[in-house]
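**Student:**
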Amino acid sequence: MSAKKLFIQTLGCAMNVRDSEHIIAELTQKEDYSLTEDIKEADLILINTCSVREKPVHKLFSEVGGFEKVKKKGAKIGVCGCTASHLGGEIFKRAPYVDFVLGARNISKITQAIKTPKFLGTDINFDESEFAFADFRNSLYKSFINISIGCDKHCTYCIVPHTRGDEVSIPFSIIFKEAQKAVERGAKEIFLLGQNVNNYGKRFSNTHEKMDFPDLLERLSEIENLERIRFTSPHPLHMDDKFLKVFANNEKVCKAMHMPLQSGSSEILKAMKRGYTKEWYLNRAFKLRELCPTASISTDIIVAFPGESEKDFEETMQVIEKIRFEQIFSFKYSKRPLTPAANMPQQVDEATASRRLTQLQTRHNEILDEIVAKHNGAEFDVLFEELRANSAVAGRTNNNFLVQIQGSEELLGQIKRVKITNAKRMVLYGEAV
Ligand code: 5AD
Ligand code: SF4
1 MSAKKLFIQT LGCAMNVRDS EHIIAELTQK EDYSLTEDIK EADLILINTC
51 SVREKPVHKL FSEVGGFEKV KKKGAKIGVC GCTASHLGGE IFKRAPYVDF
101 VLGARNISKI TQAIKTPKFL GTDINFDESE FAFADFRNSL YKSFINISIG
151 CDKHCTYCIV PHTRGDEVSI PFSIIFKEAQ KAVERGAKEI FLLGQNVNNY
201 GKRFSNTHEK MDFPDLLERL SEIENLERIR FTSPHPLHMD DKFLKVFANN
251 EKVCKAMHMP LQSGSSEILK AMKRGYTKEW YLNRAFKLRE LCPTASISTD
301 IIVAFPGESE KDFEETMQVI EKIRFEQIFS FKYSKRPLTP AANMPQQVDE
351 ATASRRLTQL QTRHNEILDE IVAKHNGAEF DVLFEELRAN SAVAGRTNNN
401 FLVQIQGSEE LLGQIKRVKI TNAKRMVLYG EAV
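Here the working numbering is used: the first residue of the sequence shown is 1, the next is one more, and so on.
1. If we count the other Cβ atoms within 10 Å of its Cβ and call it buried at 16 or more, is V70 buried or exposed?
2. Is S20 helix, strand or coil when you go by DSSP?
3. Should P161 be counted as a contact of the ligand SF4 given a C-beta to heavy atom distance under 7 Å?
4. Leaving out the 5 sequence neighbours to the left and right, which residues in its chain are closer than 6 Å to K419 when beta-carbon positions are compared?
5. Taking the DSSP output, what are the residues bridged to T299?
6. Using 8 Å as the threshold, is the segment 46-62 in touch with the segment 80-95, meaning 3 or more CB pairs across them?
7. Is V332 near the ligand SF4, judged by its Cβ being under 7 Å from some heavy atom?
8. For V382, write down the residues that DSSP places opposite it in a beta bridge.
9. Put H375 into one of helix, strand or coil per three-state DSSP.
10. How big is the Cα-Cα spacing for N399 and T294?
11. Starting from V64, trace the alpha helix (DSSP H) both ways and give me its first and last residue.
12. Starting from N249 and walking both ways along the alpha helix (DSSP H), at which residues does that stretch end?
13. Which residues mark the beginning and the end of the beta strand (DSSP E) in which L428 is found?
14. Which of the three DSSP states, helix, strand or coil, is assigned to M317?
15. Could you pull out every residue in the same chain whose Cβ sits closer than 8 Å to the Cβ of Q361, ignoring the five residues on either side in sequence?
16. So, does the segment 290-307 touch the segment 233-250, judging by three or more C-beta pairs under 8 Å?
17. For a test of your reading of the model: does the CB of K153 fall under 7 Å from any non-hydrogen atom of the ligand SF4? Yes or no.
18. Helix, strand or coil for Q347? Go by DSSP, reduced to three states.
19. Between the C-alpha atoms of Q29 and K424, what's the straight-line distance to the nearest angstrom?
20. Measuring straight from C-alpha to C-alpha, what distance separates K202 and D127?
21. Distance, Cα to Cα, C80 vs V183?
22. Exposed or buried, which one is S169 when buried takes at least 16 other CB atoms within 10 Å?
23. Taking only the alpha-carbon atoms, compute the straight-line gap between P234 and M15 and give it to the nearest angstrom.
24. From T232 to V197, what does the alpha carbon distance come to, in whole angstroms?
25. Please classify Q262: is it buried, with 16 or more other beta-carbons within 10 angstroms of its beta-carbon, or exposed?
26. Helix or strand or just coil, what does DSSP make of K93?
27. Examine the ligand 5AD and report whether any of its heavy atoms sits within less than 7 Å of the Cβ of D312.
28. Can you give the Cα-Cα distance for S205 and E366, rounded to whole angstroms?
29. Rounded to the nearest angstrom, how far is the Cβ of L237 from that of I229, given a contact under 8 Å?
30. Closer than 7 Å: is that where the CB of H235 sits relative to any heavy atom of the ligand SF4?
31. Restricting to Cα atoms, I'd like to know which of F144, E410, A42 and N138 is closest to F176.
32. Since A199 sits in a beta bridge, which residues does DSSP pair it with?
33. Here's a check: name, in chain order, each residue in its chain whose Cβ is nearer than 6 Å to the Cβ of D43, leaving out the five neighbours to either side.
34. Taking just the CA atoms, how far does R284 sit from P345?
35. Grouping DSSP H, G and I as helix and E and B as strand, with all else coil, what is Y281?
36. Are the beta-carbon atoms of I159 and S51 separated by less than 8 Å?
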């Protein structure tokens, strides 16, 4: 029995989920902790934060305030992740009961942080790309694997380069071993993570075997008993023909592409410093639809970036009509510290931002209803991963639609053929065939 209990709350993206797995691994295997879901019995309370938009940052301070009230006597509180990186020591000032602050890209120092009063680890140039983390995974069937850390694109709205530092690829030998180990333990799917995955191999910390992202996909797909490979996020700028062809032709690569558009206006894309035009984006998306008609395309869109006129917004709406995305993550522009866009003139007012967001989401929902309705009667292979209420299990199709059927535990980790009987926007309900 472990002597100490760890409670951890994770906000934000898949990268943070994986960072939390690393933290849990280090603390349960190199220290004497075990996980608890009951915060009141925890000896160590951690929050792994996100700072990509303003809201989660506010959430951080209300959450840690709540921790302080319910924690047992002597329990420690640590703030980790992206907000820890960019607020650093200010967190101690605003919440003096916080015991340590550990930024993204410094999480390998967790075992040191828990033993050092007021530990502050926020160096965004710290290089963890070859650190041998202990091993822990939330899911047996799907394993997240980092292939790069950081991002140096410096899109003008984005704080990530200031919280996760410059992009460094993780050596292939490390990725391959991790993937092999996951599959040996029963993983059917590996999920490759990085800020710009298809820029893989441009920079390593040390001299390593040269490799680009399409080659990485091909090499990983040779692992026996591995069924599915997913990845996020690719950048539209690096979607060359070689990448699209491997995506389309390699049977283990899941046919779900995330293509963050951000805006459909070339002028706004330029102000965002995205590095591509609307025409390039459309060209790549159409090429993808042509090479791989079964692929779903998801995207991220920011409305009301500074200077976005009604005409610019209409161009975004036109791209939506042209591509008919299967999924859109849409956000109102949020002013972030340290980013050039925060000081741009012509910030768009809140009412306009809300109206545009609603308009975009409403139209997307109509398109999605049409797409989804066509799935009634269709059959998909589904990897079941999750138990749901009322004796149901849920999983994903190869092209990333969520499917639910009646069933129990023995379906978890299995890939089964399912016929869709009731296709809804968020879930396709079906029956095993
Ligand atoms: N405001 C709103 N959305 C943002 N994103 C990143 N930075 C901001 C910001 N300042 C969105 C982008 C990105 C996604 C992860 O979050 O769409 O692709
Ligand atoms: Fe942020 Fe742009 Fe890097 Fe994505 S590519 S993490 S949006 S700077």
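Ideal placement from N, C-alpha and C gives every residue a C-beta, glycine not left out. All of these numbers come straight from a predicted model, not from anything done at the bench.
**Tutor:** Once the coordinates are examined:
1. Label assigned to V70: exposed.
2. The answer is helix: DSSP assigns S20 an H, G or I state.
3. Distances between the C-beta of P161 and the heavy atoms of the ligand SF4 include at least one below 7 Å.
4. Closer than 6 Å at the Cβ level, and outside the excluded window around K419, lie E379, G430, E431 and V433.
5. According to DSSP, T299 bridges with I328.
6. Flag = yes, the segment 46-62 and the segment 80-95 touch.
7. The residue asked about is misnamed: residue 332 is Lys in this sequence, not Val. Distances taken from the Cβ of K332 to the heavy atoms of the ligand SF4 include none shorter than 7 Å.
8. According to DSSP, residue pairing for V382 in a beta bridge involves T397 and K416.
9. It is coil, neither helix nor strand.
10. Roughly 7 Å between the two C-alpha positions.
11. From DSSP, the alpha helix (DSSP H) with V64 extends over E54 to V70.
12. Run containing N249: D241 to N249, per the alpha helix (DSSP H) assignment.
13. Where L428 is concerned, the enclosing beta strand (DSSP E) stretches over L428 to A432.
14. The answer is helix: DSSP assigns M317 an H, G or I state.
15. Excluding sequence neighbours, Q361 sits near I328 and S330.
16. With the cut-off at 8 Å, the segment 290-307 and the segment 233-250 touch.
17. Relative to the ligand SF4, the beta carbon of K153 is positioned inside 7 Å of a heavy atom.
18. It is coil, neither helix nor strand.
19. Approximately 43 Å between the Cα atoms of the pair.
20. One C-alpha to the other measures close to 16 Å.
21. Pairing C80 with V183, the inter-Cα distance amounts to about 29 Å.
22. By the beta-carbon neighbour count (other beta carbons within 10 angstroms, threshold 16), S169 is buried.
23. Cα-Cα distance, rounded: 14 Å.
24. Each residue's alpha carbon lies about 7 Å from the other.
25. By the 10 Å Cβ count, Q262 comes out buried.
26. Helix, per DSSP.
27. The ligand 5AD has no heavy atom closer than 7 Å to the beta-carbon of D312.
28. Straight-line Cα distance between these residues: approximately 47 Å.
29. The beta carbons of L237 and I229 sit about 22 Å from each other, so the pair does not count as a contact at 8 Å.
30. Under cutoff, so the answer is yes.
31. That would be F144, whose Cα lies nearest to the Cα of F176.
32. The sequence shown places Asn at residue 199, rather than the Ala named in the question. For N199, which the question treats as bridged, DSSP gives no partner whatsoever.
33. Exclusion of the five residues before and after D43 leaves K4, K5 and A75 as the residues of its chain whose Cβ lies within less than 6 Å of its Cβ.
34. Note on geometry: alpha-carbon atoms of P345 and R284 lie some 32 Å from one another.
35. If DSSP states are grouped into helix, strand and coil, Y281 belongs with the helices.
36. Contact annotation: I159 and S51 have beta-carbon atoms nearer than 8 Å.
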